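Protein chains in written order, with this note's numbering: chain A, 1 to 295; chain B, 1001 to 1295; chain C, 2001 to 2295; chain D, 3001 to 3295.
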C-alpha cells in the first residue's frame, strides 16, 4: 500500500481520489476549496492544511490542476513543492497543460531525484467516478510501470505516448481531432437534415462508412439519436464546451511553438470561442446548435 | 436472370459490370470510350452502338457517369434515354451527383412508369473490382428491394437513406465528413510529430480514444504507419484528391441550396483545391504532405 | 431622347427608373408586383401588362432582377424576351448574377443583332435614389458608350471591366473582398477593444495605416464611430446581410467553376450564413456583433 | 540635445539610429552582433560593450528587439537593465511584442521612476531608412510628448493608441487586418483572373470601389500592376512573410488572452504558416502565389 498525497480535488480529482481510497490506499489531501476538502475528508482522506503538509511522509504525489501556470507555480521555484517531496518519490501530474510546462517540471523533478510522469486523462467526470478514465502518459517507462497499479484503479486504458511531455502532446492532438470531427459531424448531420435526411438514419450510414468517427459511435450530437449521449439530456453533464476550448488553446500554443499549420484545428477553436460566448457551460457536442436549421 | 443495360464503363463502371457478368447476368454495354467498350466486350458484355440501343430489350438500366450534367443530359429531355426504356423497368443510377439532379430524373422516370433509385457508391476502384462497394440508396423501398440482388453482387453494404435524392445527400454528407477527419487526422499527426511524438504511437492512441475515426482505422495518411494504405505506396491508387474535391463541391452546392453553414467542410474544400493544384492525381490522404514538417 | 423599357422596379430598379424619368426619358415599365407598378406609374412611367408589351417600340431595355435564373428565364428560350426586342436595340442588364449567365444572354443577344452589356451596380438603395451608383460593365466598348449617357444619369462611376460577363466577375470579386475586409475590420476592432483600446481611436489609427480599407473609411461597423454609418442607426438601411450572402454565393460558384481557392472568401460566406440565420435583415456591417464582447 | 542609448541595431534599429545621428544626436549603441556594431560605429555611434554600459549617462533609452522574451529579459529581473537606467529617464521600446509584456515592463519602469512608452513601428526597412516610419504609441501622454521630437526624426506619423501596451495592441490589430486584406485581395485578383479579367483593370475597379484597401492602394500583390511594389521585383525587400507570421502569432495570443474570436485572422495565420514553409523570406504579398492559376 502506497501513501499518497493528492493535490487538487475538484470535479475530476475528487472522484479519482475516492476510487483510490475505496481500493484501500491512504490519501493525504489538499485543495484550496473548503468544500472540496470537506468532501475528501468525508470520503476518508486525511486533510492537510497545505500542499507541503500533504506531501510530508508520502511516497507518491498526484496532482490534478486546471492549467500550466498552476502546475508550474505549485511545483517549481525556490520554495516549490518538488523541494518538499522525499527523494525517490513518484510524482504523477494528471493535469492537462502545455507539453513545455510538463517538460520543465519533469526536468526539475529529475534533478531532485524524483520520478515524474505527465498523465493527462480523458473520460470526463463520469469516467473519473466510474474509474474508467484513459491515461495518456509521458515519461520514463519505469516510472509508468511504478504508477500503473494506481492508474489502473482510476482508469481503464493506459497509453505510453513517449518521453516527458508526450502525454500532454498526445492528449492535445487527440482532443483537437475530437473537436474537429465533432464539428464535422455536426455540419454533416445538419447538411443532411436540411436536405431531407433523417439524422438518425444518416448517423447510422456514416457510422458504418468512411465518415465513421468516435462522435458518431459514442457521442452523437443530435438530440434523440443516442439515448445515453448529452445531446439527449439538453447537453448537461459530459465534457464542457469551455474545457474543449481550453484544450484547443493548448493545441494552438503547441502549433505556434513548432510552426505547425492546423487550419481546421484553429477554425474549430474559433467556432468554440463563438459558441462559448453563449453556451460555455453546455457539453461540447452542443455546438451542433450552431448549424441546425430547426434550432 | 435479368437483362441489364450498363451505361458508363470507366474505372468504376467497368469492374462493376464485370462482377455482374461473372454472376451470370447478360449485359448490353455502352460507353463513349472505345477502350472501355473493348474491355467490356472481352469480359463478355454485348456492345451497343448507342445508349438507346443498349436499353432496347433491357428490363434494368444501370448508369455510372461522372457528374450531374452527364446524368441529366443522358436521361432527360424530349429525346432523353428515359423515353426509350420499357415501361416498368428499373433504373439504377450509381453516379455521385447533386441530390437535386437525382430528384429531377427520379420524377421524370416516375411519370414514365419507371422505377428509379439513386445509388451512389463508396469503396473506390478496389471495391468495385472486389465487389465490396457500399451503396447508399435513395428512392422507394420497393425499387431498392428489386435492385438488391444486383447491388449485392457488386457490393457488400447497402444503406437505404430515404426518398429520391437521399442517397446522394447521404453520400455527400459522408464524404464531406471523411475529408474533414482526414485533414484533421493529418493536422493532429503533424502537430504531434512536430512536438516529438512517433506518428505510429500517436495514431494508435487516438484510434483507441475519442479522436478515433475511419482514417485512423483504415486509411492512415502517414507513410509507414499502415502497410496497406495508399500512404505506404506513395499515395498511388485509392481515392484521388480530385474526386474528393468534386464531392466537396457537391457538398458546397447542397449547402448553398439550403442555406446551410459548413465552415469546416468549405475550408476542407479550399485546402483540397490548393492541394489539387499540385497533386490532384494522388490519393486524397496525400493532403498530409501540406502539414508535415519533414515533407 | 431614348425610349426605354425598364423591367424590374424593386428597391433598386424603382429609384433608378425615377432618375431616368426626371432626366426627361420616357419609360415603359414592367414588374410582377402591383405596388411597384403603381409607384412607377405615379413617377411618370407608362405601365405595361407584360415584359413583352414593355419592350414593344423601345430601343433600349434595362433590367434589374434578383438572380441568374430570373434573368435567364426572362431573356432566353424560344419565347424569351430577346425575341421581342427590335434588332439593333441596346439591352442593359443591371442585375448581379453569375458571369456564365451573363455570357449566355450576351451570346444569344448578339445572335439576334442586339447589343448587350452586363452592368451590375454597387451603392445600395441610397445610391440608386441619389443617382450615385457605381456601374461595373462587361461587354463591347461601343455598347458601353451607347449606354453611358443613361448610366451617368443613374450613377457616378462607370468602370469597363472587360468583355461580356466581366462586369459580373468584377462585381463579385469586389464584393467578396468587401465582405472579407468588413469581417476583418470587425475582428480587429473587437480584438482591440477586448485589449483595452478605444474602437474610435483604433479605427483612426488603422484607417491611416496599412490596415486601411473602405469599411474603415466609409462604413465603420462599430456603433458610434461614424455618425452616418448603419452601425450608428442599429444597422438599419444600408446593404443587407442577406444580399451580401447572395454575392458571396456567386463568388463561391465562380470559384468552383474555375477551380479557384478562396479560403477567406468561403469562410466569410459561412460566417454570413451563420449571421443571417439570426440577423439577415440587418446591414452587413452588423456582423461585428458576432465578435464584440460587450454585445 | 539628448544622450541616447540605442539597444538593438538590426535591419530596423540600425537605420533608425542612423537618422538620429544625422539629426545631430549622440548615440551609445549596443547589439549582440559584431557586424551591427561595426556599422553603427561607422555611422558615428559610440560602441558600448554591454547594454548596461550603453545606458550609463544616457537620459533616453531606445530599444528595438525581435520578441517579447528579448524585451522582458533585457529590462526585467533583479539585474535587468531598468535597474541601471538613471531615474527620470525616458525609455522607448520600439519592438513589436505582446501587449502584456509591454505592460509588465511599463509597470516595472514606473516603480523605478522611469517614463516608458511602447512605440512599435510600421513601414519596414525602407521606412526606417527614409525616416518615414509610423509609430503607434502606448503610455502616458506626457512621455509621448517627451519622445515626440525623436520619433519625428525617425518617422512621419505618430499615433497615440492609449495607455501602456496600447501601442502593441493597436499594431497587432492593424497588422492582422493587413494580412486579411492582403490575402483577400490576392483571392479576389486570382478569382477575377481565372474568370477572364485583367488583374490591372480589376485592381483599379476595386481600388475605387467598396473593395478598396491599402494593399490595392500601395502594395498590389500581382506582378506588374504596381511598378514600385515588391510584386514587381520578385517579392524581394518589403515586409517578410515570416515577420507577418510573427505578428499574426501575437494577434492569436492577444485573442486567446481575452477570449476573442478572430476566425479570419487565424485562418490568415495558418495560410502564412503554410506559405512560410516554402517562401518565408519573400515579401508578405507573395502569398498571392498560393492562389494564382498561372503561377
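No residue lacks a Cβ here, since even glycine has one placed at the ideal position from N, Cα and C.
As the structure is a computational prediction, the values presented were derived from the model and not from experiment.
(1) Starting from residue 1288 (chain B), trace the beta strand (DSSP E) both ways and give me its first and last residue.
(2) Interface residues of chain A around residue 1961 (chain C) at Cβ under 7 Å?
(3) How big is the Cα-Cα spacing for residue 2102 (chain C) and residue 3101 (chain D)?
(4) If you compare alpha carbons, which of C:2030, C:2118, C:2016, C:2190 is closest to residue 1963 (chain C)?
(5) Quick one: which unbroken alpha helix (DSSP H) runs of 4-plus residues sit fully inside the segment 154-211 of chain A? Chain order, please.
(6) Measuring alpha carbon to alpha carbon, tell me which of D:3166, D:3246, D:3253, D:3234 ends up nearest residue 3119 (chain D).
(7) Tell me where the beta strand (DSSP E) around residue 2091 (chain C) begins and ends.
(8) Is it buried or exposed for residue 1134 (chain B), if we count other Cβ within 10 angstroms and need 16 for buried?
(9) Output needed in chain order: residues of the segment 3206-3221 of chain D with a Cβ under 7 Å from some Cβ in chain C.
(10) Looking at C-beta atoms only, is the number of pairs between the segment 1007-1019 of chain B and the segment 1027-1047 of chain B that lie closer than 8 Å three or more?
(11) Under 8 Å, with one C-beta from each stretch per pair, do the segment 3218-3234 of chain D and the segment 2173-2183 of chain C reach the 3-pair mark?
(12) Show which residues of chain A have a CB atom less than 8 Å away from the CB atom of residue 1181 (chain B).
(13) Which full runs of the alpha helix (DSSP H) of 4+ residues lie inside the segment 25-109 of chain A, going along the chain?
(14) Less than 8 Å between CB atoms is the rule here; does residue 1057 (chain B) satisfy it with respect to chain A?
(15) Of the choices A:169, A:114, A:71, whose alpha-carbon is the least far from that of residue 142 (chain A)?
(16) For residue 1087 (chain B), is the classification buried or exposed, using 16 other Cβ atoms within 10 angstroms of its Cβ as the cut-off for buried?
(17) Please determine if the segment 25-36 of chain A and the segment 54-62 of chain A are in contact, where contact requires at least 3 C-beta pairs separated by less than 8 Å.
(18) Look at residue 3266 (chain D) and residue 266 (chain A) and say whether their C-beta atoms are less than 8 Å apart.
(19) Give every residue of the same chain whose Cβ lies closer than 8 Å to the Cβ of residue 1200 (chain B), excluding the five residues on either side of it in the sequence, and list them in chain order.
(20) Let's test the definition: count the other Cβ atoms within 10 Å of the Cβ of residue 3093 (chain D) and tell me whether it reaches 16, buried, or not, exposed.
(21) Within 10 Å of its beta-carbon, does residue 2022 (chain C) have 16 or more other beta-carbons around it, so buried, or fewer, so exposed?
(22) Would you say residue 3252 (chain D) lies against chain A (beta-carbon separation less than 8 Å)?
(23) Could you give the residue range of the beta strand (DSSP E) that holds residue 118 (chain A)?
(24) Taking the Cβ atom as the reference point for each residue, do residue 1071 (chain B) and residue 1063 (chain B) lie within a distance shorter than 8 Å?
(25) Counting pairs of beta carbons, one from the segment 3271-3284 of chain D and one from the segment 3232-3240 of chain D, are three or more of them closer than 8 Å?
(26) Report the partner residues of residue 2005 (chain C) according to the DSSP bridge assignment.
(27) How big is the Cα-Cα spacing for residue 2257 (chain C) and residue 1273 (chain B)?
(28) Quick check on the DSSP output: the beta strand (DSSP E) that includes residue 1301 (chain B) runs from which residue to which?
(29) Return the bridge partner residues of residue 122 (chain A) from the DSSP annotation.
(30) Comparing alpha-carbon positions, which option in D:3067, D:3095, D:3136, D:3250 lies nearest residue 3006 (chain D)?
(31) Under a CB-based cut-off of 8 Å, is residue 1263 (chain B) close to chain C?
(32) Should residue 3267 (chain D) be flagged as near chain A, meaning a C-beta pair shorter than 8 Å?
(33) Give the single residue among B:1069, B:1124, B:1090 whose Cα lies nearest to the Cα of residue 1013 (chain B).
(34) Is there a Cβ from chain A that is less than 8 Å from the Cβ of residue 3195 (chain D)?
(35) Quick check on residue 1077 (chain B): buried or exposed, where buried means 16 or more other Cβ atoms within 10 Å of its Cβ?
According to the data block:
(1) For the purposes of this step, residue 1288 (chain B) is taken as residue 288 along the second chain, with counting starting at 1. Here residue 1288 (chain B) belongs to no beta strand (DSSP E), and DSSP marks it neither H nor E.
(2) Residue 1961 (chain C) lies beyond the stretch modelled for chain C, which goes from 2001 to 2295, so this question has no answer here.
(3) Position 102 of the third chain holds residue 2102 (chain C). Position 101 of the fourth chain holds residue 3101 (chain D). Taking the straight line joining both Cα atoms gives about 55 Å.
(4) Given that chain C is displayed from residue 2001 to residue 2295, the structure contains no residue 1963 (chain C) and the question cannot be resolved.
(5) Counting only runs of 4 or more residues that sit fully inside the segment 154-211 of chain A, the alpha helix (DSSP H) segments are 166-194, 199-207, in chain order.
(6) In the fourth chain, residue 3119 (chain D) corresponds to position 119, counting from 1. The closest CA to that of residue 3119 (chain D), considering only D:3166, D:3246, D:3253, D:3234, is found on D:3166.
(7) Here residue 2091 (chain C) refers to the residue found at position 91 of the third chain. Judged by DSSP secondary structure, residue 2091 (chain C) falls within the beta strand (DSSP E) whose first and last residues are 2090-2093.
(8) Reading the second chain from its first residue, position 134 is the one you call residue 1134 (chain B). Per the 10 Å Cβ criterion, buried.
(9) Residues 3206, 3208, 3209, 3210, 3211, 3212, 3213, 3214.
(10) With three or more CB-CB distances shorter than 8 Å, the segment 1007-1019 of chain B counts as touching the segment 1027-1047 of chain B.
(11) Judged by pairs of C-beta atoms under 8 Å, the segment 3218-3234 of chain D does not touch the segment 2173-2183 of chain C, as fewer than three such pairs exist.
(12) To locate residue 1181 (chain B), count along the second chain from 1; it is residue 181. Close partners of residue 1181 (chain B) in chain A (Cβ separation under 8 Å): 177, 180, 181, 184, 211, 213.
(13) Residue ranges of uninterrupted alpha helix (DSSP H) with 4 or more members, entirely inside the segment 25-109 of chain A and ordered along the chain, are 34-42, 51-55, 68-75.
(14) To locate residue 1057 (chain B), count along the second chain from 1; it is residue 57. Not one chain A Cβ lies under 8 Å of residue 1057 (chain B).
(15) Counting from 1 along the first chain, the entry for residue 142 (chain A) is found at position 142. Distance check between residue 142 (chain A) and each of A:169, A:114, A:71 places A:114 closest, using alpha-carbon atoms only.
(16) Residue numbering aside, residue 1087 (chain B) sits at position 87 when the second chain is read from its first letter. Flag for residue 1087 (chain B) reads exposed.
(17) Taking 8 Å as the limit for Cβ pairs, the verdict is that the segment 54-62 of chain A does touch the segment 25-36 of chain A.
(18) Residue numbering aside, residue 3266 (chain D) sits at position 266 when the fourth chain is read from its first letter. Residue numbering aside, residue 266 (chain A) sits at position 266 when the first chain is read from its first letter. Yes. Within cutoff.
(19) Your numbering for residue 1200 (chain B) matches position 200 in the second chain. Excluding residues within five positions, the ones whose Cβ falls inside 8 Å are 1222, 1224, 1225.
(20) As a working mapping, residue 3093 (chain D) is identified with position 93 in the fourth chain. By the Cβ-count criterion, residue 3093 (chain D) is buried, with 16 or more other Cβ atoms from all chains shown falling within 10 Å of its own Cβ.
(21) In the third chain, the residue the question calls residue 2022 (chain C) occupies position 22. Result: exposed.
(22) In the fourth chain, counting from the first residue as 1, residue 3252 (chain D) sits at position 252. Judged by the 8 Å Cβ criterion, residue 3252 (chain D) is in contact with chain A.
(23) Against the first chain, residue 118 (chain A) aligns to sequence position 118. Where residue 118 (chain A) is concerned, the enclosing beta strand (DSSP E) stretches over 115-118.
(24) As a working mapping, residue 1071 (chain B) is identified with position 71 in the second chain. As a working mapping, residue 1063 (chain B) is identified with position 63 in the second chain. The answer is yes: Cβ separation under 8 Å.
(25) Taking a cut-off of 8 Å for Cβ pairs, the segment 3271-3284 of chain D and the segment 3232-3240 of chain D touch, as three or more such pairs fall below it.
(26) The sequence position of residue 2005 (chain C) within the third chain is 5, counting from 1. Beta-bridge pairing links residue 2005 (chain C) to C:2028, C:2061.
(27) Residue 2257 (chain C) sits at position 257 when you count from the first residue of the third chain. Residue 1273 (chain B) sits at position 273 when you count from the first residue of the second chain. Between the alpha carbons of residue 2257 (chain C) and residue 1273 (chain B) lies a distance of about 12 Å.
(28) Not covered by the structure: residue 1301 (chain B). The range shown for chain B is 1001 to 1295.
(29) By one-based count along the first chain, residue 122 (chain A) stands at place 122. According to DSSP, which records beta bridges pairwise, residue 122 (chain A) is partnered with A:134.
(30) Counting from 1 along the fourth chain, the entry for residue 3006 (chain D) is found at position 6. Out of D:3067, D:3095, D:3136, D:3250, D:3095 has the C-alpha closest to the C-alpha of residue 3006 (chain D).
(31) Counted from its first residue, the second chain places residue 1263 (chain B) at position 263. Closer than 8 Å to the CB of residue 1263 (chain B) there is at least one CB belonging to chain C.
(32) Position 267 of the fourth chain, counting from 1, holds the residue named residue 3267 (chain D). Cβ-Cβ to chain A under 8 Å: yes for residue 3267 (chain D).
(33) The residue labelled residue 1013 (chain B) in the question sits at position 13 within the second chain. Taking only the C-alpha atoms, the option nearest residue 1013 (chain B) is B:1124.
(34) Taking the first residue of the fourth chain as position 1, residue 3195 (chain D) is located at position 195. By the rule that beta-carbons nearer than 8 Å mark a contact, residue 3195 (chain D) does not touch chain A.
(35) Indexing the second chain from 1 puts residue 1077 (chain B) at position 77. Looking at its Cβ environment, which holds fewer than 16 other Cβ atoms inside 10 Å, residue 1077 (chain B) is exposed.
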